[in-house]
Amino acid sequence: MEKLFTVIDETATWLQEELKCSYLEAVAETGENIFHEEILQEEVSELLKKRLKKAYESISLHDWKNEHIRKALQLAVLKGMKEYVQPHHQMTPDAVSVFIGYLVDEFTKTYFSLSLLDPAIGTGNLMTAVLNQLTNKKVKSYGADVDDLLLKLAYVNANLQQHEMQLFHQDSLKPLFIEPVDVVVCDLPIGYYPDDENAKSFRLHAKSGHSYAHYLFIEQSIRYTKEGGYLFLLIPNTLFTSDESKDLHALIKEETFIQGLLQLPLSMFKNEAAAKSIFILQKKGTYAKAPKQTLLAQLPSFSNKQAMQTMVLKLEQWLKENRS
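Residue 0 is where the sequence shown starts when you use numbering that gives the first Met the number 0, and the numbers rise one by one after that.
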């Protein structure tokens, strides 16, 4: 994996200098080159083309598993994010992405095929981490994001890992051109939504001023989930503490069954105010039912293998008792 990251990093740095672009844009460019096995930037010098060709020839994607490719690209994106100041686009921590993938797989054990949506896909790291856990299922996946550069990185991410994915460059809170899906995964963008006019089409819009984007994303996610489908949402622990949370709570209660709330270890966050949880919902429908007992847990540190194994056993026991 380190070798792959080194090639991505070095070639992106060369392209950044030559094309006078940001490092993240250069990562997207070099990712395209690796996927197509040719140098697509006609404007670069012959000398750089030779250097790039030599670097690309030193690797073969067939030598790595998807997770290695995802992690190598993720390291490069994390490096680029330091100069790309977009507060809404903090990348989902790696261990969390993989764990959500495990949860999706467990909750959809009986599915032979499923459709999957991330309405705030960003660079595609969470989505591809989930897809890499669903190797025993046929999956149709969709993603949307308003940021064209992040969406291009999601496209490169999906291509390099050979995942078929339909991506939409748009405001994800406007109508999506997809049918409702079996599963929604989303690391909710936190903050205010600037389009007050469009916000009015949501039940959870603010009565005055800007609406909470994360509230609207929850409502939009429920809209685009099939009856009986699941939602795995990364939410701030403060989600239900605002004055407007009564309406959110009412919507969730009316439209879904709360399956679980798994609080992420506080050690993952710089301060407690930024802490998050995995919120698991099932949209109501003919065959959907409330669990006998909601799954509530404080997750241990992901690096504590023994504690995580104990947690996984508890989760599997809960699934047996509540999903049968």
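All C-beta atoms in this analysis are idealised placements derived from N, C-alpha and C, irrespective of residue type, glycine included.
Asked	Found
Start and end residues, beta strand (DSSP E) containing E275	Note that residue 275 is Lys in the sequence shown, not Glu. K275 to K282 is the extent of the beta strand (DSSP E) around K275.
Start-to-end residues for the beta strand (DSSP E) that takes in H204	First-last for H204: undefined, no H or E at that position.
K64, DSSP secondary structure in three states	coil
Cα-Cα separation between Y211 and L172, rounded to whole angstroms	12 Å
Given V26 as reference, the closest of S44, V6, E37 and L233 once Cα atoms are compared	V6
Contact check, R69 vs N131, beta carbons under 8 Å	yes
P193 burial status per 10 Å Cβ neighbour count (16 or more: buried)	exposed
Own chain residues within Cβ distance below 7 Å of D104, not counting five before or after	Q132 and L133
Contact under 8 Å by Cβ, A119 with F216	yes
Chain-order list of residues whose beta-carbon lies under 8 Å from that of D170 (same chain, five-residue window excluded)	V145, D194 and N197
Buried or exposed (CB count within 10 angstroms, at least 16 for buried), E16	exposed
Stretch-stretch touch, CB-based, cutoff 8 Å, three pairs: the region 89-104 with the region 25-43	no
Selection from Y223, L77, E178 and K206 that minimises the alpha carbon distance to Q281	Y223
Nearest-angstrom beta carbon gap, L152 and T343 [assumed within contact, 8 Å]	Residue coverage of the chain in this structure runs from 0 to 323, which leaves residue 343 outside it and unanswerable.
Y286, enclosing alpha helix (DSSP H) - first and last residue	Premise fails: Y286 is in no alpha helix (DSSP H) and is neither H nor E.
Bridge partners - P188, DSSP secondary structure assignment	Per DSSP, none; premise fails for P188.
Euclidean distance between Cα positions of M307 and L47	47 Å
Secondary structure of L209, DSSP reduced to three states	In the sequence on display, residue 209 carries His and not Leu. It is coil, neither helix nor strand.
CA nearest to the CA of K139, picked from L125, K275, M164 and L150	M164
Top-ranked residue by Cα proximity to M179, from T127, S114 and L150	The question names Met, yet the displayed sequence has Pro at residue 179. Ranking T127, S114 and L150 by Cα distance to P179 puts S114 first.
Test item: CB-CB of N124 and M90 under 8 Å	yes
I257, DSSP secondary structure in three states	strand
Terminal residues of the beta strand (DSSP E) in which D194 lies	Where D194 is concerned, there is no enclosing beta strand (DSSP E), given that its DSSP letter is neither H nor E.
Helix, strand or coil at H168 according to DSSP, with G and I counted as helix	strand
Contact under 8 Å by Cβ, L294 with W317	yes
Under the three-state DSSP convention, the category A119 falls into	coil
Whether L233 touches I277 by CB criterion (8 Å)	yes
Separation of E45 from P188, as counted between CA atoms	42 Å
DSSP state of K324 mapped onto helix, strand, coil	The shown model of the chain, from 0 to 323, leaves out residue 324, and the question about it has no answer.
Whole-angstrom distance between A128 and A157, CA atom to CA atom	10 Å
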